Structure formats: structure tokens, C-alpha cells
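**Student:** In the numbering used here, the protein residues as written are 18 to 599.
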RNA sequence: GCUCUCGUAGUUCAACGGAUAGAAUGCUGGCCUGCGAAGCUGGCGAUCCAAGUUCGAUUCUUGGCGAGAGCACCA
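1) What would DSSP say about residue 222, mapped onto helix, strand or coil?
2) So, for residue 406: in the same chain, excluding its five sequence neighbours on each side, which residues have a beta-carbon less than 6 Å away from its beta-carbon?
3) Measuring straight from C-alpha to C-alpha, what distance separates residue 483 and residue 37?
4) Taking the beta carbon of residue 470 as the centre, do at least 16 other beta carbons fall within 10 Å, making it buried, or is it exposed?
5) Return the bridge partner residues of residue 536 from the DSSP annotation.
6) Helix or strand or just coil, what does DSSP make of residue 406?
7) So, are the CB atoms of residue 513 and residue 555 less than 8 Å apart?
8) Is residue 139 closer than 8 Å to residue 419 when the C-beta atoms are compared?
9) Which residues bound the alpha helix (DSSP H) around residue 166?
10) Which residue wins for smallest C-alpha separation from residue 101, given the options 474, 598, 42 and 454?
11) Relative to the C-alpha of residue 6, which residue among 357, 23 and 384 is closest?
12) What are the complete beta strand (DSSP E) segments, minimum 3 residues, inside the segment 305 to 389?
13) Measuring straight from C-alpha to C-alpha, what distance separates residue 344 and residue 291?
14) In chain order, which alpha helix (DSSP H) runs of at least 4 residues are fully inside the segment 191 to 270?
15) Give me the DSSP bridge partner(s) of residue 43.
16) Would you kindly work out how many angstroms separate the C-alpha atoms of residue 584 and residue 249, rounded to a whole number?
17) Are at least three pairs of beta-carbons, each pair with one atom in the segment 200 to 207 and one in the segment 274 to 289, less than 8 Å apart?
18) In the DSSP assignment, the beta strand (DSSP E) including residue 398 goes from what residue to what residue?
19) Checking the sheet assignment: what are the DSSP bridge partners for residue 175?
20) Secondary structure at residue 104, three-state DSSP: helix, strand or coil?
21) To the nearest angstrom, how far is the alpha carbon of residue 163 from that of residue 380?
22) Hey, would you say residue 170 sits closer than 8 Å to residue 134, going by beta carbons?
23) Could you pull out every residue in the same chain whose Cβ sits closer than 7 Å to the Cβ of residue 59, ignoring the five residues on either side in sequence?
24) Classify residue 448: buried if its beta carbon has 16 or more other beta carbons within 10 angstroms, exposed otherwise.
25) Going straight from the alpha carbon of residue 180 to that of residue 236, what length do you get?
26) Could you check what DSSP says for residue 278 in three-state terms: helix, strand or coil?
27) Return yes when the Cβ of residue 587 is within less than 8 Å of the Cβ of residue 614, no when it is not.
28) Identify which residue in 47, 312 and 539 has its Cα closest to the Cα of residue 156.
29) Which of the three DSSP states is assigned to residue 496 in this structure?
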């Protein structure tokens with residue numbers, strides 16, 4: 018449609034002998050201003066020294082001659098400072114509803130990324146540490162982007178990268194061994210055991226900072242973890258590793274993520290170190306600026322500022338000979354391309370505190386394997402923060418993903434039991450609604466910014482919320498059920514004269530998906546879904562949908578179908594389930 | 001100090017250079033003997049400051065002011 022209108026305008030310009038005018042055709046923000054609109058008159062007025070309104074009138078006159086060619090356009094008007102607005106016809110909307118009903122839940126699928134192989138790494142919680150709401154944030158964003166890319170035709174694999182070795186593990190194990198009565202519980206649920214391991218980690222961290230004796234012991238344990246020389250430590254490690262990883266798995270299941278690859282830091286260390294050592298002192302890329310890695314104060318570093326003044330030096334191998342996170346990241350990158358050699362794009366989702374460091378690593382990769390660097394993309398999101406300040410798992414002032422999910426689920430359950438009708442599988446649906454409340458509160462805003470964590474509003478199921486979307490969907494399903502009972506079939510041809518606002522929004526869904534995919538931004542979908550939910554609820558409030566006496570009832574039912582498909586698919590793209598009842 | 005991100009109703013967020021800056025929450029009126037009131041419907045309320053580019057700036061540029069993150073052997 019957009020292209021058709023553009024063509025029409027180009028033709029009109031040609032008739033008026035106006036050349037070289039750049040203009041756009043877009044949806045006006047306010048539906049009052051039509052369904053499409055163009056700024057061509059404003060952009061072109063100066064060129065031919067006239068005022069925009071006059072030019073607009075001239076163009077519209079020409080357009081109206083050609084209008085009959087496009088039956089979907091009902092009216093072309095001039096408004097505001099010289100906008101030309103296109104109002105689409107009743108038939109256009111009826112036709113779009115029919116299209117959605119026929120497409121069903123595949124609505125919005127497109128082939129822009131057909132045959133593209135994309136790996137996306139996200140979540141990245143560390144064994145022996147709590148899974149906190151920051152991980153929830155990375156997971157929500159990563160999973161949603163993965164689904165949006167899938168909807169665009171890409172073959173997506175999901176990867177998770179986890180720190181299975183390092184000081185944090187030693188801190189946790191120290192406390193588990195030091196005070197097993199308090200922390201080392203074995204006869205409880207996996208999640209309970211994991212919670213206590215997380216607590217042991219926080220306590221261990223504190224001891225490490227404040228108790229020199231403990232610090233020495235933890236350092237010792239750290240070495241033994243690497244060398245695997247102590248039976249008791251090995252046993253505790255294996256148990257703790259399994260418990261925390263199992264607990265993560267339970268969470269992924271609840272959140273709706275299935276990973277294809279799990280990468281462990283300990284393995285990346287070796288791979289990365291080899292790469293670094295093989296590139297020490299080498300002349301860098303074609304630009305010939307400096308070397309890749311060089312020695313400095315006994316450490317092996319990468320002086321990235323030599324290549325880009327905005328970057329800085331980072332240590333890759335410490336003076337003790339140990340690989341740092343940067344080196345492991347380097348190894349990880351190579352591993353990803355080894356596991357999936359035909360990868361077209363490798364995406365990493367992390368909090369934005371890692372942005373600068375990722376740039377340095379990417380620069381290093383671009384010098385070592387330029388063919389890989391060009392396929393890497395880092396998406397960084399803001400932090401979950403308290404009004405009081407930063408959350409830190411080291412200090413133990415974290416809200417774990419699990420406790421948040423449970424709290425929200427409990428309050429949802431309470432709401433459900435208050436209602437007059439009962440639902441089977443209440444527990445499960447409450448969990449889906451809780452996931453929705455949390456994910457939506459993360460995905461409704463653009464990914465760059467921080468999220469202020471506020472318990473009250475994060476569990477809200479009213480207004481601008483995930484549960485509101487699910488509720489709207491469940492309501493539509495319930496109406497459709499009633500329609501089926503009364504034997505009124507959906508009929509996209511039985512349309513009334515009135516065009517409902519929800520129709521003017523529904524046909525835009527595929528465009529929204531395209532934009533989300535292009536910009537890796539789920540929030541366009543989230544905001545769009547709120548808009549259509551609002552429009553549908555308003556439609557519901559002002560119309561009796563299932564009504565044998567109404568000739569257009571079949572159309573209203575078709576419209577309800579279309580809405581339910583778009584909502585369900587849209588929620589899926591956000592990683593949210595759409596139960597039929599809630 | 002340098003780099004990056006960001007300053008929009010009381011609060012939390014939108015607005016791909018466009019029209020009267022949208023929502024939600026909050027406060028405040030009205031709606032369930034007609035399909036799910038987790039809803040609908042009315043009212044109140046905002047672009048950090050200063051220049052510049054543009055027909056047009058919340059958006060782009062520069063400079064202030066303010067917040068956050070990062071900046072060598074942690075991850």
C-alpha cells in the first residue's frame with residue numbers, strides 16, 4: 018500500500034514538473050489524520066517557491082485523477098501545515114481482516130532473514146551465584162529478540178555462557194565447607210538448595226573482603242578447584258554445580274527458553290589463551306598500526322587505543338599467566354564459529370556495563386579473524402536498579418529471579434481465586450501470568466535504558482501490563498467460544514459501514530515486526546500490543562459482538578478472531594504465553 | 001579527567017525530523033439483570049538550560065547543568 022501511494026505521488030510530481038523532492042509516506046501518529054500521510058508538499062514547496070498548502074492542493078488534484086486506480090483509497094485530504102492524508106476504504110480494512118483470519122497465528126511472518134543462521138547468547142548466569150533479576154532482564158530481551166528473528170525467517174540457535182570457575186566459586190565453596198549446617202542442605206528441593214548456595218556465595222564474598230584468614234583459605238580453594246587435587250572440594254563442586262545448573266534449568270522452562278548451546282568459561286580459557294599467545298607481537302591488520310598483543314608489566318595486553326582512540330588497553334593474560342575474561346571471550350567467539358561454522362550473525366546480549374569492554378574484544382577479534390568480527394553484534398541493555406542504587410550479588414542485596422516470580426505468582430493467584438468463575442490448572446496459568454507481568458515490564462521500554470525496580474509496579478497486572486494483554490486475549494477467546502455455541506460464523510464480508518479503530522491498527526502488525534527485527538527492539542511490539550488491546554477493549558465495550566439480530570455480527574466475530582491471532586502471536590514474540598482462560 | 005548511555009506529566013515509560021507531545025500509574029466524576037470490571041468512559045497534569053541547522057527540533061549539531069556505567073592484571 019505504501020509503495021502504491023509513493024508511486025501515485027511520484028506520478029503527480031512528474032505531471033507538475035517537480036523533480037528531486039525527497040519525501041516519505043508513513044502512518045500518521047493520530048488516526049484522525051488518516052491511514053497514510055506524506056510530507057511531500059512541505060518538502061517540495063521551497064523548491065518551486067510556493068507555500069506548502071497550495072502545493073498540497075495541487076498535488077491532491079492530480080492524485081484524485083489517478084485515485085480510481087487504487088480502489089482502496091477512499092479519500093485524500095490536505096491538513097495541518099500541508100500534510101496530504103490518505104484515508105483507506107472500508108473494503109481495505111475488511112480485506113485485511115480476512116487476510117489475518119486466513120493467516121492465523123503465522124501473521125507477521127516474513128522472509129527478510131530467510132536462510133540466515135543466527136546464534137544469540139543471553140542470560141549467562143553463573144553457577145554458584147544467584148540468578149537475579151538482572152538475568153531475568155537479559156533473558157527476557159534475548160528470548161524475545163530470538164523469536165522476532167525467527168519470525169523473520171532466520172534459523173536461530175540460543176547459547177548460554179556460564180562462569181563455572183573463578184573466585185566466585187571458591188567463595189561459595191569455602192562457606193559451604195566452613196558452615197555446612199547453615200548452607201549445605203541436601204534434602205530439599207533443587208531451588209532451595211540453590212538459594213542456600215547463593216547465600217553461601219554472598220557470605221563467602223563478605224569473608225573474603227573482611228577476614229584475611231578466610232581470604233587466604235578461599236585463594237587456596239580457588240587453586241584446588243583448578244587442580245582438582247582435593248576430593249572434598251571436588252565433591253562439593255560437582256554437587257553445587259549440578260544443583261545450581263538444575264535450578265537454572267527449571268527457571269528457563271518457566272520462562273520459555275530452550276538453549277541449544279552451553280559454553281563454560283573454563284573451556285574457553287584454554288582456547289582463548291592459545292589464540293592470544295599465537296598473536297603476541299604480530300603486526301596488526303592491513304592498517305599496520307602497532308601489534309595485536311604485547312607484553313606490559315609482565316602481563317599480555319591489547320592496546321586498543323592504537324587502533325581506535327576511543328578504546329583503551331585491557332589485560333588479556335595476567336602477569337601470573339592466567340587468562341582474563343577478555344581472553345575467554347575471545348575463545349568463546351572462536352568456539353561459536355567452530356560449533357556453527359556457517360553462522361551469519363553472532364549476537365550477544367549483556368548489560369551495558371560491558372559495552373566498552375566488548376568493544377575492545379571485538380576490535381581484537383577484528384584483527385585476528387576479521388571474517389568473524391564483521392558478524393558479531395553486541396546488544397546491551399540497561400540495569401535493573403533499586404531506587405536506592407545498584408544491586409550486587411556479592412553483597413547479597415539481590416532479588417532472585419525465583420523469588421520475584423513466586424511473589425508475583427502468589428499475588429496473581431490471589432486475584433484469580435477472588436473471581437466468580439474458576440479455572441482449571443490455576444497454578445500453571447498464574448505462573449504464565451507472572452512471567453508475563455515481569456517480561457512485559459522489561460520489554461515495554463527500549464532496551465538501552467535502566468529499569469527502576471519497584472515491587473508494586475513490577476507485579477502490577479493492571480493498565481500498561483502483560484496481564485492486561487493476556488486478559489484482552491482471553492476475553493476475545495471467550496467471546497469466540499460464545500459465538501461458536503450460538504452458531505454464528507465469522508464472516509469478513511458482512512462488514513458494517515463503521516470502521517473500528519482496532520481494524521486501523523491490526524493490519525500494521527507485520528510492519529511492526531519488521532521494524533522490531535531490523536532494530537533488535539522488542540518494545541515496538543510491546544507498545545503496539547497495548548494499543549490494539551486498548552482498541553479492542555474499547556470496541557468490545559461499545560459493541561455487542563455476538564448478536565443474532567445484528568447482520569454484521571459475523572464481521573465483528575471475524576474481527577475478534579483477527580485480534581486474537583495478532584495478540585497471541587505478538588505475545589509469543591515477547592516470550593509470553595497467551596492462555597485461553599485466566 | 002577521558003569514553004559511552006541518558007535527562008519528557010508527581011512517578012514509570014512512548015513518540016522511525018512532522019500535525020493539538022501519547023500511554024500507564026496517581027488524584028477525580030460516570031459505567032456490570034448485554035459476550036470476562038485484570039475492563040470501559042470523562043477530567044487534571046510534562047519536553048533540563050542556551051545557541052545553531054531546518055519550511056518544521058523532544059528527536060540532529062555545539063556548549064552548559066544533572067544522573068548512571070566503564071576506564072590494567074575481577075567477571
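Ideal placement from N, C-alpha and C gives every residue a C-beta, glycine not left out. Predicted, not measured: the structure shown is a model, and the values here were computed from it.
**Tutor:** Checking against the coordinates, here is how it stands:
1) helix
2) Interpretation of residue 406 is limited by its pLDDT of 49, a score under 50 that renders its predicted location unreliable; the figure taken from the coordinates is listed afterwards. Closer than 6 Å at Cβ, skipping near neighbours: no residue.
3) 46 Å
4) buried
5) Its beta-bridge partners do not exist; DSSP assigns none.
6) At residue 406, the pLDDT of 49 sits below 50, so the modelled position is not reliable; the number obtained from the coordinates is stated separately. In this structure, residue 406 counts as strand in the three-state DSSP scheme.
7) no
8) no
9) 150 to 168
10) 42
11) In the structure displayed, the chain extends from 18 to 599; residue 6 sits before or after that span and is not available.
12) 310 to 313, 316 to 320, 330 to 334 and 362 to 368
13) 9 Å
14) 197 to 200, 207 to 227 and 229 to 244
15) 54
16) 53 Å
17) no
18) 393 to 398
19) 137
20) strand
21) 25 Å
22) no
23) 69, 98 and 99
24) buried
25) 17 Å
26) strand
27) No answer is possible for residue 614: the residues shown for the chain start at 18 and end at 599.
28) 539
29) helix
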